[in-house]
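Numbering follows the UniProt record's numbering, in which position 119 of the sequence shown is assigned residue number 119; successive positions increment by one, without gaps.
C-beta atoms are modelled at their ideal positions from N, C-alpha and C, and glycine is treated no differently.
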Amino acid sequence: MTIRIRDAVEADVEGVAKAHVQGWRESYKDFLSPEALAGLSVEERVQLWRRALAEPEPRAMLLVAEADDGEIVGFIRGGPIRGKESELLGTEAEIYAIYLLDRVKRQGIGRRLMQGVFDHLAVHGFRSVGLWVLKDNLPARCFYETLGGRAGAEQSFDLRGQMVTEIAYRFELALQD
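Right under this line is the structure:
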C-alpha cells in the first residue's frame with residue numbers, strides 16, 4: 001500500500017473525522033475508559049473539521065495521509081499557538097492533532113506528516129513547535145523523542161470524565177530561506 005501525504009481539501013472533512021475518531025479509539029484504548037471512547041462522534045468531528053477548513057489560518061496546515069483507495073488513514077494539523085493552555089508549551093507554534101490508524105503505524109507516515117508541518121511552520125518563521133501527549137502513552141512519547149522532541153511541562157485535567165496527565169514536547173525548527 002502506498003500512502004500519499006497531501007494538503008487537505010474540503011472534500012476530506014468526513015475522511016479526516018472518521019480517522020480522528022478511529023485514531024482516538026485505537027490510540028487511547030489503553031488509557032481511557034470504553035465509555036469515554038464510545039462517546040466519540042464522527043458527526044461531531046465533521047463539524048469541527050468543517051469549521052477548521054472554513055476559517056483557515058494561513059500559517060496553519062492540515063495534511064492528510066491517503067491510501068491508494070482514497071481512504072484517509074491519518075492526518076496532522078499544526079499552526080500558531082492557540083489559547084492559554086497552549087502557552088504552557090513555551091513554543092511559538094503547536095501540533096494541534098496528529099492521528100494515524102493502527103494498521104499504518106510504524107511505516108514512516110507519522111514522520112512524514114510531522115516533517116511536512118515542521119517545514120511549513122519554519123517557512124512561516126516559527127522557530128519552535130510543541131504538542132501535548134498523554135504521559136502514559138509511551139509509544140507516542142518514544143516517537144516524539146526519536147524526532148528530537150524534548151519533554152517539558154505537565155498538566156492534568158478531566159478528559160471525557162477521566163483525570164489524565166499530559167506532558168509537553170518541544171521541537172526546535174530550522175528556519176527556511
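Under the three-state reduction of DSSP, which class applies to residue i: helix, strand or coil?
{"i": "Ile-95", "result": "strand"}
{"i": "Thr-2", "result": "coil"}
{"i": "Tyr-28", "result": "coil"}
{"i": "Gly-130", "result": "strand"}
{"i": "Gly-125", "result": "coil"}
{"i": "Pro-58", "result": "coil"}
{"i": "Asp-119", "result": "helix"}
{"i": "Lys-18", "result": "helix"}
{"i": "Gly-23", "result": "helix"}
{"i": "Asp-136", "result": "coil"}
Nearest CA to the CA of residue i: which residue from the options?
{"i": "Ala-93", "options": "Gly-70, Asp-102, Val-123 and Arg-4", "result": "Val-123"}
{"i": "Gly-70", "options": "Glu-87, Val-13 and Glu-55", "result": "Val-13"}
{"i": "Ala-97", "options": "Val-104, Gly-74 and Lys-105", "result": "Gly-74"}
{"i": "Ile-3", "options": "Arg-59, Gly-130 and Arg-106", "result": "Arg-106"}
{"i": "Glu-43", "options": "Pro-58, Tyr-28 and Gln-22", "result": "Gln-22"}
{"i": "Ile-72", "options": "Ala-54, His-20, Asp-30 and Pro-80", "result": "His-20"}
{"i": "Tyr-99", "options": "Pro-80, Pro-139, Leu-121 and Asp-158", "result": "Pro-139"}
Could you check the C-alpha separation between residue i and residue j for me, to the nearest Å?
{"i": "Trp-49", "j": "Ala-8", "result": "10 Å"}
{"i": "Arg-45", "j": "Gly-148", "result": "30 Å"}
{"i": "Arg-82", "j": "Ser-156", "result": "18 Å"}
{"i": "Gln-162", "j": "Ala-17", "result": "23 Å"}
{"i": "Ser-128", "j": "Tyr-169", "result": "10 Å"}
{"i": "Arg-6", "j": "Ser-33", "result": "33 Å"}
{"i": "Leu-40", "j": "Gly-15", "result": "15 Å"}
{"i": "Val-164", "j": "Trp-132", "result": "12 Å"}
{"i": "Leu-63", "j": "Leu-113", "result": "7 Å"}
{"i": "Gly-116", "j": "Ala-36", "result": "31 Å"}
{"i": "Ala-153", "j": "Pro-58", "result": "28 Å"}
{"i": "Arg-141", "j": "Val-104", "result": "18 Å"}
So what does residue i bridge to, in DSSP terms?
{"i": "Asp-7", "result": "Leu-63"}
{"i": "Asp-158", "result": "Met-163"}
{"i": "Phe-75", "result": "Val-64 and Tyr-99"}
{"i": "Gly-108", "result": "Looking at the DSSP assignment, Gly-108 forms no beta bridge with any residue, so it has no partner."}
{"i": "Ala-151", "result": "Tyr-169"}
{"i": "Pro-80", "result": "Ala-93"}
Give me the Cβ distance between residue i and residue j, rounded to the nearest whole Å; I'm assuming they're in contact under 8 Å.
{"i": "Ala-67", "j": "Ile-109", "result": "The Cβ separation is near 10 Å, so there is no contact."}
{"i": "Gly-78", "j": "Ala-52", "result": "12 Å between Cβ atoms; not a contact."}
{"i": "Phe-126", "j": "Leu-173", "result": "6 Å"}
{"i": "Glu-26", "j": "Asp-102", "result": "5 Å"}
Indicate whether at least one CB of chain C lies closer than 8 Å to the CB of residue i.
{"i": "Gly-74", "result": "Within the model displayed, chain C is absent; a lone protein chain is all it includes."}
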